[in-house]
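See structure below.
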Amino acid sequence: MLAIAPSLAQAQSAEAPPPSASPAGPVFIHETGRSPGGPPTAEEIAYDARLKSSAAAIRAFQGPMEGAWTLSAGGHELYLLQLVDRDGWIDGAWRDPRRPGAPEASGLIVDVPRGAELTLRFADDSIAVLHPSGGHWTGRLTEAGRSQAVTLSRRAP
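Following our numbering, the numbering of the sequence shown begins with 872 at its first residue and continues without gaps.
In structure tokens, the structure reads:
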């Protein structure tokens, strides 16, 4: 028995999703729930679900210190930090906004254990010892032999 393959046009039309209805007028960025291409297809919905699932899986590996933080004293930013918190160990980068453009005004934070106390080393003579206090951390920063009270707070993304 001889099997006849469908034509290329028939195969493509069987695989192509049906055209979706376009909105009557323009769609603006603040209009949630509307799309310039009409309602999402099943494939688009499945793709979005996979993206959301992947993002949730990544967040499950992040610890509470993950993200952007600011170390400040008296309302002045002393250090800006971007931290990665994995399994109770913190790594990241810091920048001193008081010295813009200076090569020694930034550096890395490597293998700091997260516990009841957090010790961050910035430059050769700058060390912050912090303790949790509500949604932020408080403690002391010692720089060039001077010590001052500081607060480590989460920055908006």
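Using N, Cα and C, we set each Cβ at its ideal position, and we do this for glycine too.
- Taking 3 residues as the minimum length, the beta strand (DSSP E) runs contained wholly in the stretch 946-990 are 947-957, 960-966, 977-984, in order along the chain.
- Residue burial annotation: Ala-999 is buried, with at least 16 other C-beta atoms found within 10 angstroms of its C-beta.
- In the three-state reduction of the DSSP assignment, Ser-925 falls in the helix class, which pools H, G and I.
- Looking from the CA of Val-983, the closest CA among Glu-937, Ala-917, Ile-916 belongs to Glu-937.
- In the structure shown, Glu-914 adopts helical secondary structure according to DSSP, grouped into three states.
- The residue among Ile-980, Pro-974, Ser-943 with its C-alpha nearest the C-alpha of Asp-956 is Ile-980.
- With fewer than 16 other Cβ atoms inside 10 Å of its own Cβ, Leu-922 counts as exposed.
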